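Enquirer:
Protein chains: 2
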Amino acid sequence: MGDEADFELRLKEVADKVTVALDQLIPPASGPEADLMRAMRHAALANGKRMRPFFLLETGAMFEAPEKTLLRTAAALECIHTYSLVHDDLPCMDNDDFRRGQPTVHKAFNEATAVLAGDGLLTLAFKILASSETHEDPAVRVMLIERLADAAGARGMVGGQMIDMLEEDSPRDLNTITRMQRLKTGALISYATEAAGIIGRARELERNALAGFSNDLGLAYQIADDLLDATGDETAVGKPLRTDEIAGKANFVTLLGVDGARQRVRLLAAQAKEHLAIFRNKADILLQSVDFVLDRTR
Amino acid sequence: MGDEADFELRLKEVADKVTVALDQLIPPASGPEADLMRAMRHAALANGKRMRPFFLLETGAMFEAPEKTLLRTAAALECIHTYSLVHDDLPCMDNDDFRRGQPTVHKAFNEATAVLAGDGLLTLAFKILASSETHEDPAVRVMLIERLADAAGARGMVGGQMIDMLEEDSPRDLNTITRMQRLKTGALISYATEAAGIIGRARELERNALAGFSNDLGLAYQIADDLLDATGDETAVGKPLRTDEIAGKANFVTLLGVDGARQRVRLLAAQAKEHLAIFRNKADILLQSVDFVLDRTR
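Residue numbers (my numbering), protein chains in the order written: chain A, 148 to 445; chain B, 148 to 445.
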């Protein structure tokens, strides 16, 4: 490890593992309902960064948590993330035609299939976690399920998406956007490290450190995403950019400016890293990953 | 007990209990995302028959299963049923404006809110089951979750909805419709009795009897629903009827005729009751309920 090429390789390896796991976990396309599975696969097996799974797996590795449990939990988390993208891309929501460098589900299939494929992926996430294949102890499985339902539900990700929809016509300030981010994207990023702590049987002090870390990281990631939207290259990113600008929506960059946003990312990155101090050199990979995922060009 | 008025009262009592439970379990409307909770409440607290909860609670009562566990599981099941109605009513799906005697969620709010409210209810179902409030034994909770995810997912309810969408433009035969029914509505009805068996720690023989019962009941209920669609009174039912006729979709009534469909319902009802023989007089209420729910005028 150490240099950037090695790190990128590691990120790619994790992403591939998650894709293989999802391929095995999503039912094969068969029967008259086969298009449903095809649509679920189209969305979930596409070339995603798998950032949430990456943080789950690398945090879990610090605790020497069982890899199979981590991988299945990461796959469940990615099912939730993917379903949210499928529904978010619908014409009645963000109305996006491209995602991860390919047509969105409602473009490649149709709207009804996109609604159902999202529903199917959301349900599959809980099925994966409930299975005895994930962990031998049902108490661990049920805790992973309860926390995922919290992170993904009306007081978590879905609530954040609701704020995002509502705010399209009204002016947004930094408080509203920060709250929206904490729910819409922050909750699932926090789940990644929290789930790893549950699986790895982390102590309270460690769980608190992970919560602080993922909180700062999640916010930094969103600001980096807004920077990418404002300054990135559409072809490299694989989805339309300047979307907030076009929709006249305020985001961290419109409110803080490009330089202000960059400075905020650096500050949050430093803060995120400080939380990891208690893990000493076991946190090396997580520390490296902070700069890497925040230095976004795609 | 015994006469129809008493029975109707009992059905109403169960429905009210479930509505009260849902009212407590769905987060209150607050924060900028308040419309999300309002939409979830609009859908879930409306005047539904609560047929699935009824079968869950009455089956559980046969085993003297703990009422709180039954009620929370019934509420979770109703969250799943309700979310499926909210998504099914969307313009890109069945495009229905009325449901349970009131405007559908996308009419009362908007489409984006309906998508998110459905997602929120689906996620809430698993949160309810995962909570230690539902049952002290995590192994029971996780089994309830796994079976619900099976019944509701791509190889269950969502798969059935997919077949329903696909078949709009192609001719349907009895086999396709029976398969679609088994997934789309049968899976959740079967879950009602299966979950009660899990909570009540039913023996294998009893679980098999419940599976046979709910399988016949579910199919009979769908045929009765198609009869209602073909012959019912729109005002009493509270939603548009003749929908299949208008869409030119085959259903059990168009394929079997009104008399043939009625005969099939009677046959299945008798078969359903036979499965309950092993429970002797403990099954009295379930036996009564069969005729009652199949004699549908609303």
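For every residue, glycine included, the Cβ atom is placed at its ideal position computed from N, Cα and C.
All of these numbers come straight from a predicted model, not from anything done at the bench.
For a quick check, are the C-beta atoms of A/M198 and A/Q308 less than 9 Å apart?
Expert: no
Enquirer: DSSP puts A/Q249 in a beta bridge; with which residues?
Expert: Residue pairing from DSSP places A/Q249 in a beta bridge opposite A/R246.
Enquirer: Are the Cβ atoms of A/I324 and A/S361 separated by less than 9 Å?
Expert: no
Enquirer: Quick check on this structure: which residue in B/A424, B/K396 and B/D363 has the alpha carbon closest to the alpha carbon of B/L414?
Expert: B/D363
Enquirer: Could you pull out every residue in the same chain whose Cβ sits closer than 6 Å to the Cβ of A/G347, ignoring the five residues on either side in sequence?
Expert: G207, F210 and A212
Enquirer: Using 8 Å as the Cβ pair cut-off and three pairs as the minimum, do the segment 293-313 of chain A and the segment 264-283 of chain B touch?
Expert: yes
Enquirer: For B/Y338, which residues from the same chain have a beta carbon less than 7 Å from its beta carbon, with the 5 sequence-adjacent residues on both sides left out?
Expert: Non-local C-beta neighbours of B/Y338 in its own chain, meaning closer than 7 Å and more than five positions away in sequence, comprise L224, R294, L295 and A298, ordered along the chain.
Enquirer: Does the beta carbon of B/S337 sit closer than 9 Å to a beta carbon anywhere in chain A?
Expert: no
Enquirer: So, does the CB of B/M148 fall closer than 9 Å to a CB anywhere in chain A?
Expert: A caution first: B/M148 carries a pLDDT of 45, below 50, which makes its placement in the model unreliable, though a value can still be read off. Not an interface residue.
Enquirer: Checking contacts by CB at 9 Å: is B/T449 closer than that to chain A?
Expert: In the structure displayed, chain B extends from 148 to 445; residue 449 of chain B sits before or after that span and is not available.
Enquirer: Smallest Cα separation from A/N398: which of A/D153, A/R319 and A/R354?
Expert: A/R319
Enquirer: Please confirm whether A/L403 and A/I370 have their CB atoms less than 9 Å apart.
Expert: yes
Enquirer: Once you ignore the five residues that flank B/V102 on each side, which residues in its own chain have a CB closer than 7 Å to its CB?
Expert: The structure shown does not extend to residue 102 of chain B, since chain B is modelled only from 148 through 445, so no value can be given for it.
Enquirer: Using a Cβ-Cβ cutoff of less than 7 Å, which residues in the same chain neighbour A/T260 once the five nearest sequence positions on both sides are dropped?
Expert: D182, L183, A186 and V252
Enquirer: Leaving out five residues on either side along the sequence, give the residues of the same chain with a beta carbon under 7 Å from the beta carbon of A/V400.
Expert: D373, L374, A377 and A408
Enquirer: Tell me which residue opens and which closes the alpha helix (DSSP H) that A/K215 is part of.
Expert: Residues E214 to D235.
Enquirer: Ordered along the chain, which non-local residues of its own chain (more than five positions away) have a Cβ less than 8 Å from that of A/G248?
Expert: Taken in chain order, the residues that qualify are A193, N194, G385 and K386.
Enquirer: When you compare the CB positions of A/L330 and A/G303, do they come within less than 9 Å of one another, or not?
Expert: yes
Enquirer: Sort A/A343, A/N428 and A/G300 by Cα distance to A/R219 and report the nearest one.
Expert: A/A343
Enquirer: At the level of alpha carbons, what is the spacing between A/V165 and A/A222?
Expert: 6 Å
Enquirer: Quick one: is B/R302 near chain A, going by C-beta distance under 9 Å?
Expert: yes
Enquirer: Report the rounded CA-to-CA distance for A/P200 versus A/A162, giving the unit in angstroms.
Expert: Approximately 8 Å, taken between the alpha carbons.
Enquirer: Going by C-alpha distance, which of A/D153, A/L203 and A/L217 is nearest A/A358?
Expert: A/L203
Enquirer: Please classify B/P175 as buried or exposed, where buried requires at least 16 other C-beta atoms within 10 Å of its C-beta.
Expert: exposed
Enquirer: Please specify which runs of the alpha helix (DSSP H), each continuous and at least 4 residues long, are wholly inside the segment 148-187 of chain A, giving them in chain order.
Expert: 151-172
Enquirer: So, with DSSP's three-state summary, where would you put A/G407?
Expert: DSSP places A/G407 in helix when its eight states are reduced to three.
Enquirer: Determine, using beta carbons only, whether B/Q308 comes closer than 9 Å to chain A.
Expert: yes
Enquirer: Taking the alpha-carbon positions, what's the B/D431 to B/E155 distance?
Expert: 15 Å
Enquirer: Please identify the residue among A/L434, A/E351 and A/L388 whose C-alpha is closest to the C-alpha of A/D243.
Expert: The option with the nearest alpha carbon to A/D243 is A/L388.
Enquirer: Just verifying my parser: in three-state terms, what is the DSSP assignment at A/F257?
Expert: Checking the displayed sequence, the identity of residue 257 of chain A turns out to be Asn instead of Phe. Residue state, collapsed to three classes: coil.
Enquirer: Looking at chain B, is there any beta carbon in it that lies within less than 9 Å of the beta carbon of A/K274?
Expert: Cβ-Cβ to chain B under 9 Å: yes for A/K274.
Enquirer: Please confirm if B/N398 has its CB atom under 9 Å from at least one CB of chain A.
Expert: no
Enquirer: Less than 7 Å between C-beta atoms, sequence neighbours within five positions excluded: which residues of the same chain meet that for A/L217?
Expert: Excluding sequence neighbours, A/L217 sits near L203, L204, G207, A343 and I346.
Enquirer: Please confirm whether A/R326 and A/A367 have their CB atoms less than 9 Å apart.
Expert: A/R326 places its beta carbon 9 Å or farther from that of A/A367.
Enquirer: Relative to the alpha-carbon of B/Q171, which residue among B/A191, B/E160, B/S231 and B/R157 has its alpha-carbon at the smallest distance?
Expert: B/A191
Enquirer: Below 8 Å CB to CB, which residues in the same chain sit around B/D235 once its five sequence neighbours on both sides are set aside?
Expert: D241, D243 and Q308, listed in sequence order.
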